[in-house]
Amino acid sequence: MTEIVAEVSSLLKQYGNLRAVDGISFELYEGEVFAFLGPNGAGKTTTVEILECIRSLTSGSARVFGYDVTKGEDVKEIKKRIGVLPQDFSALDKLTVKENIDLIGGMYKKKLDTLKVIKLLDLEDKAKERFENLSGGLKQRVGVAAALVNDPQLVFLDEPTTGLDPKARREVWSVIDNLKRLGKTVFLTTHYMEEAQILADRIAVINKGKIAVIGSPQDLISKYGGRKILVVRKGSKELAKILQDKYGGTMLNHGGDVVVKVDDVKEMWQVLSTLTDMKMDKEIEIQAPTIEDVFLKVVGSRITEEGELK
Amino acid sequence: MIRPLVVFLAVTKNWIRSRSGLFFSIMFPVMLLLVFGAIFGGGGGGAASTLFVQNLDRNSDGTTTQLSSAFVEALNSTKTFAIKDVPADVDPKVWARDNLGPLGGNIRIVTISKGFQDDVLNGTFKVQVGISYKLFNQTYMYFAQSNETLRLVYEQGLAQMQLYNETLPDTRTSLTLAFDASDQSAAVIKNIVINVANAFNYHLIGATSVIEFKEESVTSKRFGAVDYYLPGIIAAFIMTNGIIALTSNTTEFKRRGIIKRLSITPLTKFDWIIGNVLSQTLLSLMLTAIMIVVGWIVFSVQVIPDVLSILMIFLGSVMFSGFGMVLGGLVKDVEAASALGNAIAFPMMFLSGTYFPMEFMPSYLQSFSRVLPLFYFSEGLRYALIYRYTEGVFINMAVVSALAVAFIILGSVVTRWKEK
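Protein chains in written order, with the numbering used here: chain A, 1 to 310; chain B, 1001 to 1420.
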């Protein structure tokens, strides 16, 4: 992560009294997968569309590859260098996969061979299939292929897995992983915690137009994720009392499991050692905090499958 | 220039592969041409109009009189009517209604009054005496002035004839035609009945028409009715394809984010509009060719497009595609686009003289028609295809070209390539 690909400073986007984006600042580095994680209406798509030069900004600045997104001539240069998978991607229904990619490719002077892109996205079998006949996951893959046809340095993927089933979602993850391997810089927006945690090098948690926290998943988890948890399945009141007396932070949940919160690895080993001494033959599970815990900590709510705060 | 061509190829392929698009853009106009041609083409074989005739002029034995029967036969000989006799002792309106049934169509009743034969004979005789008197009077003026004997004979004869004529009753007989005021064909039927009555009159008094009626075409070729309708139908459907289909397609592309996706590429909105206009123009030329071929095969139409008419079709298509892009740029959802397109296209179709002559309309509507783009396109196309009236084509072409440029510029202004 060396060169800055995009730079946003005090970006503000206002619709009447509503501040969709409220003075955010961040940078995007070459070769990284940067995730914007937030609920619906957080300002993710608005920010991305400002960087894609299809939405105007109210104040602040946004530069992509050093070009200003508000200047006509700069916009032309930016559009040549970016690839985009918009939210709810769609294409011409009656055209085939190849024809739809050709349509997007036809807009660029410099472009990759369509068949090469199709192969890259593992769409060879579907190249002659009409877009209307594809599944949701395949449609998204066509969208990614269209985003790559101009061989962009920066790829925007706006909610690429929303509405997809788990299998299709994992297919798209694999595609994003490949983009990273190809050295592309990826700007991903999502409301799926797991997706951000698995794919992103850095995550910005955004809510109500403001960035709450920004950093690598590991940093965010260690900083905001809270303690690790050790669960003894089907424990007992007595066991819970012993561990509570010795380490604190222990409780017996409704399922009869004993849950112990530990501060660090050393304390975890101590708990495990105690359990070994007691010749416990219960099933033990260690749960590490996740980005979801980070989100809960910094935003104060969770996000539903549909992307709403709860 | 490559980007508009890429758009043109993509949207054209997308349209050609769409069954519903193909149906409404090509098949529906062809079907309408077939229907129009069948109705107005004069191909014959149509069902005769039902005409109820109640003959009240009867002999003492109840049979109809010779002259009244001859009149009914004269009506029948026009082959326009399917004559149905109404009994003399019934209310003809009630009888006709019951006889036709609830779905039977329009009621038209001719009533031949009682005493028709006597009145016709008396009236005819009086007319003949009057004609003879006039003839004698003219010859008297010409021949008898110089000959005293002849003059006296003439004067005596003329006095006798005048005296005799005054003793003859001034009889006229009447025919009654009853019809529904909403009956669109009643005026035509009335004229046919009047013509038959006049011919019957002439025949009885032994007169023949001295004015010979000849019919000629104002065009160099002898065109049929369908030839005259064809330019109007073509113009109207090029208009609907532009205003309704293109507007709906554009809003659909907008709704599905396809335009947004393209706007992220180096494609400009002007490129997008030109690509769509080119696609619509190809569609219009295809539509024209298919309509003419179908018209040629089914109705033997003789219109052959020349360079001017093809240019007119091109410009008309550009104009209405531009119009469609303006509407597509203004309207957000597909339902509103369809409603707006229909609200503009259908009145324009009927007010621009494409389906029926503008002379049928009140003068204020005729003035209004002259501000409608379809009027100039339709007129220009008719001048080009039928009348070969170059000056007329150029005047309309100039208006259409100016509107085409204006709509494309306006379309570029209202099409949003960047979100607010």
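Glycine residues also receive a C-beta, built at the ideal position from the N, C-alpha and C atoms. Note that the structure is a prediction, hence the values are computed from the model and not measured.
| query | result |
| --- | --- |
| Enclosing alpha helix (DSSP H) for Q1366/B [first to last residue] | 1363-1369 |
| From D1271/B, F1346/B, L1283/B, Q1302/B, residue whose alpha carbon lies closest to that of P1013/B | In the sequence as displayed, the identity of residue 1013/B is Lys instead of Pro. Here the closest residue by C-alpha is L1283/B. |
| Euclidean distance between Cα positions of V1053/B and S1321/B | 55 Å |
| Cβ-based neighbour list, F1098/B, same chain, cut-off 6 Å, excluding 5 preceding and 5 following | Note that residue 1098/B is Asp in the sequence shown here, rather than Phe. So no residue of the chain qualifies. |
| Within 7 Å of chain A by C-beta, residues of the region 1245-1256 of chain B in sequence order | R1256 |
| Partners in chain B for P86/A, counting only beta-carbon separations shorter than 9 Å | G1257, K1260, R1261, I1264 |
| Enclosing alpha helix (DSSP H) for S1113/B [first to last residue] | Per DSSP, S1113/B belongs to no alpha helix (DSSP H) and is neither H nor E. |
| Helix, strand or coil at Y247/A according to DSSP, with G and I counted as helix | helix |
| Residue-level contact to chain A via CB, A1337/B, 8 Å cutoff | no |
| K1126/B versus A1074/B: straight-line alpha-carbon distance, rounded | 23 Å |
| Classification of I1233/B by the beta-carbon crowding that lies within 10 angstroms, buried from 16 upward | buried |
| Interface flag, S1018/B vs chain A, CB-CB below 8 Å | yes |
| Beta-bridge partners of F338/A, as assigned by DSSP | The question about residue 338/A has no answer, for chain A in this structure spans 1 to 310. |
| Inter-stretch contact (C-beta, 8 Å, three-pair minimum) for the region 1262-1278 of chain B and the region 1338-1349 of chain B | no |
| Rounded C-alpha distance that separates M1/A from L28/A | Legend: pLDDT at M1/A = 48, less than 50; position of this residue unreliable, value from coordinates given subsequently. One C-alpha to the other measures close to 9 Å. |
| Coil, strand or helix - A241/A by DSSP | It is Lys, not Ala, that sits at residue 241/A in the sequence shown. It is helical. |
| Any non-hydrogen atom of the ligand MG closer than 7 Å to I1290/B Cβ | The ligand content of the structure shown is nil, which means the ligand MG is not present either. |
| Assigned secondary structure, Q1156/B (DSSP; H/G/I helix, E/B strand, else coil) | helix |
| G106/A to S174/A span [Cα, whole Å] | 27 Å |
| From C53/A, I82/A, V84/A, residue whose alpha carbon lies closest to that of T70/A | C53/A |
| Contacts of L230/A in chain B (Cβ-Cβ under 9 Å) | Correct list: empty, because the minimum Cβ distance to chain B is about 47 Å. |
| Pairwise C-alpha distance: F1377/B and Q1302/B | 20 Å |
| Counterpart residues of Q1054/B in DSSP-defined beta bridges | V1086/B, T1111/B |
| DSSP three-state assignment for T1064/B, whether helix, strand or coil | strand |
| Cβ shell of N253/A (< 6 Å), same chain only, five flanking positions each side left out | V259 |
| Element boundaries [alpha helix (DSSP H), containing Y1202/B] | 1186-1205 |
| Distance between I101/A and K116/A (C-alpha atoms, nearest Å) | 11 Å |
| Extent of the continuous alpha helix (DSSP H) run through I50/A | 44-51 |
| Residue-chain proximity (N1276/B, chain A), Cβ-Cβ < 8 Å | no |
| Through-space distance from A127/A to L164/A, alpha-carbon basis | 21 Å |
| Residues within the region 1375-1396 of chain B neighbouring chain A, beta-carbon criterion of under 8 Å | none |
| The region 1361-1380 of chain B contacting the region 1389-1397 of chain B, beta-carbon criterion three pairs below 8 Å | yes |
| CB contact check: E1419/B to chain A, cutoff 8 Å | yes |
| Same chain, Cβ closer than 6 Å to D68/A, five either side skipped, listed in chain order | D74 |
| Buried or exposed by the 16-neighbour rule on C-beta atoms within 10 Å, applied to K237/A | exposed |
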